[in-house]
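> Sharing a structure with you now.
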RNA sequence: GGCCCCUUCGCCAAGCGGUAAGGCAGCGGAUUGCAAAUCCGCCAUCCCCGGUUCGAAUCCGGGAGGGGCCUCCA
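Numbering (the numbering used here), first residue to last: 197 to 695.
So this is what it looks like as structure tokens:
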């Protein structure tokens, strides 16, 4: 199968291109993960959430996707950080990796198939370096091995700069071991006490970029369909990966280079070295993971995202409308929205016969959503459609009075079909798969019973037009975090206020 | 200094040559005992100046402002 309408922006060509994979029906996707020396901040979640969504959409279209995120667990940063925490480099890497994996799990990033570690692939890395030396692209220099950028005639094609530009005004560390200032390390000699592996060039460790080249070919093959990562990795990391891999294999390394925009705090990029990072595990104590995922997907992936708590609160308020609809849906159909089984592959949704105005509208929105996704994974536009879908569903429930006892069963079935579409599309974005923790219903029977009791008292008061008492009860319940909605036949209540 | 990118309603945001999605906030209405929730309606001509075009937020040139990379970074 192929997806005739999907177009993907490629950093290499700076254009949106029709999506065609190496093997029809299969997608090999590699995304650069973190160097594990500090707990993840929000910026680290952008790529995983985006590419998890990319995988979900491609899978929805019928592709079989293999998704790899690597872990760089050996690097100067780890070597510097471990002693500060009085632990080994290995312990540090494990601790931080665990934090990262847990954050991904929370954000419902479920599509990762492999998470290879650099230190588990030293032999593969060594082999590749030896090959690069043999082919004349790299050279050993007193324990180090460098890639010679002058031997790669298209070096700079990914970041769209020629090597001369890269050198001009550069602050590249001067090293008399390098033949050219732009040469980068494939292998670094170990200083005493540093973690080290044997190699033909002596004890040492891999350079920063080589592990991605070695691990991606091992797990996915010589040519990747998609290689993703943050925009800040475009140079030097991806440029160097590209140079190594193509020089070594002599084949195209990547068909589509996808770079996500960076998270900003105020005016500046969020980064570990700037110390302005928002640690994910901390943020998750105050916000539902779904709020974070929705926040990340609300902006197109290639644009920068400004972090602020006001913004998260706003996203949360937007989400509330969906949550309230899910409760309404349950009241009407006696079925939980979260239990709906929507098609996980692209369905062919038809309004059916007779085609009601409502279902025709649903089909229209369903198509619009997919058009947005086809346009370089435009999740922001797609979310806009989700809101329109929400309004359409509520409008239908209102106009057909679906909450009254006299509701037409055919109308209820139509609502269920509409909700099923919302479910189908939500799955593509990886949202609404379970109720957010903060909205979980009260499991304590005593509390529910007491609230029910007080509501009966209050409704009695209302019948007797004792509104002062009724309003007092509502006010006091509100202060306890219980908000009320008086409806025709009954009063419903929920935790979490009216936000 | 060099190379990229961005600038759309109070805030967030889609838009990729055909006459400005959506959300939040706000205002008005329906509904309600009053609220809440929901629905309906109102709410921008797209940083500035030129140009191309029958037609531009969308293309080209110049200017202003912001950001990224050139050094570890998702």
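The beta carbon of each residue, even a glycine, is placed where N, CA and C say it ideally should be.
Only a predicted model underlies this, so the values are computations on that prediction, with no experimental measurement involved.
Is it the case that the Cβ atoms of residue 479 and residue 302 are separated by a distance below 7 Å?
Not a contact, by the Cβ cut-off of 7 Å.
> Please look up how many angstroms separate the CB atoms of residue 348 and residue 379, rounded, as I've assumed it's under 8 Å.
Rounded, the Cβ-Cβ distance is 11 Å, inconsistent with contact.
> In angstroms, rounded to a whole number, what distance separates the CA positions of residue 591 and residue 649?
Whole-angstrom Cα-Cα distance: 32 Å.
> Out of 205, 282, 228, which one is the CA nearest neighbour of residue 433?
The residue with the shortest Cα to Cα distance from residue 433 is 228.
> Below 7 Å between beta carbons: does that hold for residue 444 and residue 327?
Yes, the pair counts as a contact, with Cβ atoms nearer than the cut-off.
> Please determine, among 655, 659, 599, 660, the residue with the shortest C-alpha to C-alpha distance to residue 670.
When only C-alpha atoms are compared, the closest one is 655.
> To the nearest angstrom, report how far apart residue 440 and residue 250 are at their CA atoms.
Whole-angstrom Cα-Cα distance: 26 Å.
> Thinking C-beta only, is residue 424 closer than 7 Å to residue 247?
Cβ distance < 7 Å, so residue 247 and residue 424 count as in contact.
> Is it buried or exposed, residue 284, if we count other Cβ atoms within 10 angstroms and call 16 or more buried?
Residue 284 is exposed by the Cβ-count criterion.
> Answer yes or no: do residue 584 and residue 616 have a C-beta to C-beta separation smaller than 7 Å?
No, the Cβ-Cβ distance between residue 584 and residue 616 is not below 7 Å.
> Does the segment 534-553 come close enough to the segment 617-625 that 3 or more CB-CB pairs lie under 8 Å?
Yes: the two stretches touch, three or more of their Cβ pairs being nearer than 8 Å.
> Thinking C-alpha only, which one of 239, 213, 204 is nearest residue 475?
For residue 475, the nearest C-alpha among the options comes from 239.
> Kindly indicate which residue of 407, 279, 430, 387 has the alpha-carbon position closest to the one of residue 208.
Taking only the C-alpha atoms, the option nearest residue 208 is 430.
> Which same chain residues end up closer than 8 Å to residue 365 when comparing Cβ atoms and leaving out the 5 residues on each side of it in sequence?
With a pLDDT of 48 at residue 365, under the threshold of 50, the predicted position of this residue should be treated as unreliable, though the coordinate-derived value follows. Excluding sequence neighbours, residue 365 sits near nothing in its chain.
> Tell me whether residue 334 counts as near the ligand SAH, meaning its Cβ is closer than 6 Å to at least one heavy atom of that ligand.
The ligand SAH is not among the ligands present in this structure, which contains no ligands whatsoever.
> How many Å lie between residue 387 and residue 564 at the Cα?
Cα to Cα, the separation comes out at about 58 Å.
> Closest by CA to residue 260, which one among 277, 580, 220?
Of the listed residues, the one whose Cα sits closest to residue 260 is 220.
> To the nearest angstrom, report how far apart residue 206 and residue 448 are at their CA atoms.
Approximately 14 Å, taken between the alpha carbons.
> Does the Cβ of residue 672 have 16 or more other Cβ atoms within 10 Å, making it buried, or fewer, making it exposed?
By the 10 Å Cβ count, residue 672 comes out exposed.
> For residue 240, name the three-state secondary structure that DSSP assigns.
Reduced to three states, the DSSP call for residue 240 is helix.
> Identify, in the order they occur along the chain, each residue of the same chain with its Cβ nearer than 6 Å to the Cβ of residue 696, setting aside the five sequence neighbours on each side.
Any answer about residue 696 is impossible in this case: the structure gives the chain only from 197 up to 695.
> Would you mind reading off the limits of the alpha helix (DSSP H) that contains residue 461?
No alpha helix (DSSP H) contains residue 461, which is instead part of the beta strand (DSSP E) from 459-461.
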